[in-house]
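When we follow my numbering, the leftmost residue of the sequence shown carries the number 11, and every step to the right adds one.
Built from N, CA and C at the ideal position, the CB exists for glycine as well.
Some notes on the structure that comes next.
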Amino acid sequence: MLACASIGRAAADCTGLRIEQAWIPQAPPVAAVLGGYASLFNDGGTALHIDAVDGADFGGVEMHQMSMEGGMMQMRPLPGLDLPPRGSLVLAEGGKHLMLMNPKHPFKAGDATALRFHCGRQSTLATFTVRAPAP
Ligand SMILES: [Cu+2]
Numbered sequence: 011m012l013a014c015a016s017i018g019r020a021a022a023d024c025t026g027l028r029i030e031q032a033w034i035p036q037a038p039p040v041a042a043v044l045g046g047y048a049s050l051f052n053d054g055g056t057a058l059h060i061d062a063v064d065g066a067d068f069g070g071v072e073m074h075q076m077s078m079e080g081g082m083m084q085m086r087p088l089p090g091l092d093l094p095p096r097g098s099l100v101l102a103e104g105g106k107h108l109m110l111m112n113p114k115h116p117f118k119a120g121d122a123t124a125l126r127f128h129c130g131r132q133s134t135l136a137t138f139t140v141r142a143p144a145p
């Protein structure tokens, strides 16, 4: 999955970062925002801090935290995502997730798009696949 990381700027991969099961729930073609979900693993022995995510197919990518506050679902932007050594983090509906803002074209199930996870001067590219959400 990380084989394309050398395309674009020749930055090194985030040390130890592994991104699995990266997907985007299919949304109506007019949707201005899509969700981005994945399982992140830190296979390395030092803490990882992801400080930004971006993708050429979107106007911007934000990291969000969804939580229940006073009986209402609230979303707030996060400045980053932290992975302790040998730790993992699930980006999923109802918790931490990515918000893919202003898609530059409609996505349908089976489409794929690349998102770049930045950690300082390094970055790792991951392919996200659009899937119909589970019923
Ligand atoms: Cu959100």
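What is the DSSP secondary structure of residue i, counted as helix, strand or coil?
i, result
"V40", "coil"
"L88", "coil"
"P95", "coil"
"C129", "strand"
"E30", "strand"
"A13", "Residue confidence for A13 is low, a pLDDT of 48 falling below 50, so the modelled location carries little weight; the figure read from the coordinates is stated next. Looking at A13 - three-state DSSP - the assignment turns out to be coil, as it is neither helix nor strand."
"E103", "coil"
"A144", "coil"
Quick one: using the 10 Å Cβ neighbour count with 16 as the cut-off for buried, is residue i buried or exposed?
i, result
"A15", "In this predicted model, A15 has a pLDDT of only 47, less than 50, meaning its place in the structure is not dependable enough to derive any value."
"V63", "buried"
"A136", "buried"
"V40", "exposed"
"A142", "exposed"
For the beta strand (DSSP E) containing residue i, list its first residue and its last residue.
i, result
"R141", "Q132 to R141"
"K118", "Segment: none, K118 is in no beta strand (DSSP E) and carries neither H nor E."
Please tell me whether residue i has its Cβ less than 8 Å away from any Cβ of chain D.
i, result
"K106", "Structure shown: chain D not included; a single protein chain is present."
Are residue i and residue j close, meaning C-beta to C-beta below 8 Å?
i, j, result
"M82", "H74", "no"
"P113", "L27", "no"
"L125", "G55", "no"
"F138", "A119", "no"
"I34", "F127", "no"
Out of curiosity, what's the CA-to-CA distance linking residue i and residue j?
i, j, result
"G65", "L108", "11 Å"
"S49", "L99", "6 Å"
"M11", "A22", "In this prediction, M11 scores a pLDDT of 45, lower than 50, which makes its location untrustworthy; the coordinate-derived value is nonetheless stated afterwards. Taking the straight line joining both Cα atoms gives about 15 Å."
"L93", "Q132", "15 Å"
"G90", "E72", "9 Å"
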